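Accompanying notes for the structure given below.
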Amino acid sequence: MQTEPVVVLAIVDALLVAMFFLFRVLPWSRPGPWRLIWLIAGMTSILFIAAELVALQVQGTALSIEHQIPLFGAIFAATAGFILTYLGGQRVTERALTLAETDELTKLGNARAFDMQLSDLTRRHQRFALLYLDVDGLKGVNDTHGHGEGDLALTHVAGVLKGSLRVRDFAARLGGDEFALILPETDPASARGIAERILDGVAQEPVPGRRVGASIGIVLEAQRFTTTEAVRVADTAMYASKTAGGSRITVVADEGPRRA
């Protein structure tokens, strides 16, 4: 049985159209239901065309309409089920990763995410500054007004940090009242400027009628250290600010710590 040329032409044309939408239109479409619909329809069309080509090769003619409709429906259902299951699993995985690396109260990165970011920069020897911050006066807020308002103070500090970040920076809550910022490709003046904005923001904005402060330690050129050493030096600088009265900045540079 000889295949009609018009049938082959129609199948090839349908295949080209489906591939065009899959590889040219789909990547440029906006995320949402329509992108998902185009993906499912495109994949279904390609699989259906492949089935038609097999039929042409085996019996020399296209499938009859009685067979085409249920076949297309079965392929569509199977394709939709596979894609939706895959995307659903991917979203669950991404959500789990996000939760595993996010502090629940402040929505900043947590200690795990901080360690990963710090290790990555140190391994690549990329220039960065490390800023450590401890909230001054939080214990008094907790003791006097309760932990609920203490949590509001922490979210206030987190908001100040978020407002001070550049696109490439990373902020994390390490636990309790301690926070850290990783500032890639940051010169001493920029690092100090960020710290001063944070210091002013934390101190000047009242937290439900209460005020807290911040003790900050900065390590410039932190890539010179191992991750453990960088954290230790930044923590020591932060405590130097706190023991000097708090609400100040201590900078660790090559020549040693400097307090402001």
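Every number in our numbering is 17 more than the matching position in the sequence shown, counting from 1. Ideal placement from N, C-alpha and C gives every residue a C-beta, glycine not left out. Remember, predicted model here, so these are calculated numbers, not experimental data.
Might you give, ordered along the chain, the residues of its own chain that have their beta carbon closer than 6 Å to the beta carbon of residue i, omitting 5 neighbours on each side?
i, result
"L64", "I92"
"L191", "A128 and A197"
"E238", "none"
"D120", "N127 and R190"
"A94", "none"
Which whole-angstrom value is the C-beta distance of residue i and residue j, which I expect to be below 8 Å?
i, j, result
"T96", "I57", "6 Å"
"A261", "P205", "The pair is not a contact, with the Cβ atoms about 20 Å apart (cut-off 8 Å)."
How about residue i and residue j: do their beta carbons lie closer than 8 Å?
i, j, result
"S258", "S232", "yes"
"L150", "M36", "no"
"G218", "G193", "no"
"T139", "Q221", "no"
"L155", "G167", "yes"
"P201", "R214", "no"
"A189", "L148", "no"
"T244", "L135", "yes"
"I199", "F145", "yes"
"I266", "R209", "yes"
Going by C-alpha to C-alpha distance, which of the options sits closest to residue i?
i, options, result
"T61", "H84, A72, G98 and E202", "G98"
"A247", "N159, R52, G157 and H142", "H142"
"I66", "A130, G49, F89 and P50", "F89"
"E195", "R228, A175, W55 and V250", "A175"
"W55", "E69, V158, I100 and R183", "I100"
"M133", "F187, R108 and Q85", "F187"
"L104", "P50, I86, D137 and E118", "P50"
Here's a check: name, in chain order, each residue in its chain whose Cβ is nearer than 7 Å to the Cβ of residue i, leaving out the five neighbours to either side.
i, result
"T172", "L122 and T123"
"R263", "The sequence given here has Gly at residue 263, not Arg. Taken in chain order, the residues that qualify are D153, G230 and S232."
"N159", "G167"
"F242", "V250"
"L182", "A188"
Who are the Cβ neighbours of residue i in its own chain at under 8 Å, not counting the five residues just before and after it?
i, result
"E272", "Per-residue confidence for E272 stands at a pLDDT of 49, beneath the threshold of 50, marking its modelled position as unreliable; the derived number appears in the next sentence. Same-chain partners within the cutoff: there are none."
"D252", "Y149 and G234"
"F131", "F187, A189, L191, A197 and I199"
"E118", "G126, N127, R129, A130 and M133"
Entirely within the segment 139-199 and at least 4 residues each: give me those alpha helix (DSSP H) ranges in chain order. The segment 139-199 contains these whole alpha helix (DSSP H) runs: 155-162 and 164-181.
Runs of beta strand (DSSP E) wholly within the segment 208-273 (minimum 3 residues, chain order): Complete beta strand (DSSP E) runs here, min 3: 230-236 and 265-270.
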